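Worksheet: one structure, shown below.
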Ligand SMILES: [Mg+2]
């Protein structure tokens, strides 16, 4: 009996996660908030270490391919269309970048008993992160893919990465579970798309920063330029039109699965789709209704959870590999 490098690394990952959880458990929410800068540094250090280790392991073992392959039997693919903010993300990336004050009101704890100074420390620290990222995205809006890639790689070695991983993605474990979920869908021959009312460039930077792979299409406000770090939007295809197009009779997809914390576009689609299109359309959301599979995904809540992902995979008869990402 001997230990492989993978099993040693898994043991190390467990030890580090356990330590990380112990730190978080030992701090109640107000202490966590009061000493945010210390907490971020601690969580960031663990997350960065584990993230790099998992990435290296995946790179070495190449256990999951991000290349779409048709499953045995040549079954035609489904397409899974995910909303971005508060569905794939844990909190609202668009607001963090473009409407920071709304983000703090909605997503940071609002405890009146807290002293103003520590609260202000959080706000100031995270505002610096969001301001930096907004400039980074705007200034790189015309950068080549290679330039952007190398700049994002450098960004990953800064506390900015730790703050985004913790506050917008919900931590390393959630990021790994979602990554494995997407890769599992792709490995089973399906396609994964993002549909958002936000800006494509913001989403591209976020996905690259979080190392989320396997997305074949991003439908968002794509043709935008930045003026004084503010995006000036042009035209784009809205979510309901995108999904209707995916359901057209010549479409190669057998089913369009739409996952969104906000049911607005789903409700519009129910009035737009004909009977035949409705048989190939399925919405995953919080409230019971026509063509809906009920999942725990509240509007502007904390996005996809492991339980929600389990339900989606089970509903589509897809082998669930996400338990491995919980290590
Ligand atoms: Mg959303």
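In this note's numbering, the protein residues as written are 1311 to 1637. Here a beta-carbon is modelled for each residue, glycine too, at the ideal position from N, C-alpha and C. Because the structure is a prediction, the values reported are computed rather than measured.
| Asked | Found |
| --- | --- |
| Given the structure, does residue 1620 come close to ligand 1, in the sense that its CB is under 7 Å from one of the ligand's heavy atoms? | no |
| Excluding the 5 residues flanking residue 1407 on each side, which residues of the same chain have their C-beta closer than 8 Å to its C-beta? | 1440, 1443, 1444, 1447, 1512 |
| In terms of residues, what are the limits of the alpha helix (DSSP H) holding residue 1392? | Not the alpha helix (DSSP H): residue 1392 falls in the beta strand (DSSP E), residues 1389-1392. |
| If you reduce the DSSP assignment to three classes, tell me which class residue 1523 lands in. | coil |
| Just how far apart, CA to CA, sit residue 1521 and residue 1587? | 34 Å |
| When DSSP builds the beta bridges, which residues end up paired with residue 1478? | None, per the DSSP bridge assignment. |
| If you compare alpha carbons, which of 1433, 1456, 1599, 1484 is closest to residue 1619? | 1484 |
| Grouping DSSP H, G and I as helix and E and B as strand, with all else coil, what is residue 1277? | Since the displayed the chain opens at 1311 and closes at 1637, residue 1277 lies outside it and no answer follows. |
| Which residue spans inside the stretch 1428-1483 form an unbroken alpha helix (DSSP H) run of at least 4? | 1455-1465, 1469-1477 |
| Run the CB neighbour count on residue 1419, radius 10 Å, all protein chains shown included, and call it buried at 16 or more, exposed below. | exposed |
| In the DSSP assignment, find the unbroken beta strand (DSSP E) run with residue 1592 in it and report its ends. | 1591-1595 |
| Leaving out five residues on either side along the sequence, give the residues of the same chain with a beta carbon under 7 Å from the beta carbon of residue 1611. | 1396, 1571 |
| Give me the Cα-Cα distance between residue 1410 and residue 1507, rounded to the nearest whole angstrom. | 17 Å |
| From the DSSP output, which residues share a beta bridge with residue 1541? | 1536 |
| If I measure Cβ to Cβ from residue 1606 and keep anything under 8 Å in the same chain, skipping five residues before and after, which residues do I get? | 1596, 1615, 1617, 1618 |
| Could you tell me the alpha carbon to alpha carbon distance between residue 1492 and residue 1569, rounded to whole angstroms? | 13 Å |
| Are at least three pairs of beta-carbons, each pair with one atom in the stretch 1541-1557 and one in the stretch 1575-1586, less than 8 Å apart? | yes |
| For residue 1536 and residue 1526, I'd like the C-alpha separation in whole angstroms. | 25 Å |
| Run through DSSP, which three-state label would residue 1619 get? | helix |
| Whole-angstrom Cβ separation of residue 1388 and residue 1602, contact assumed at under 8 Å? | With 8 Å as the limit, residue 1388 and residue 1602 do not qualify as a contact, their Cβ atoms being about 16 Å apart. |
| Can you look up residue 1625 in the DSSP assignment and give me helix, strand or coil? | helix |
| Distance, Cα to Cα, residue 1392 vs residue 1504? | 5 Å |
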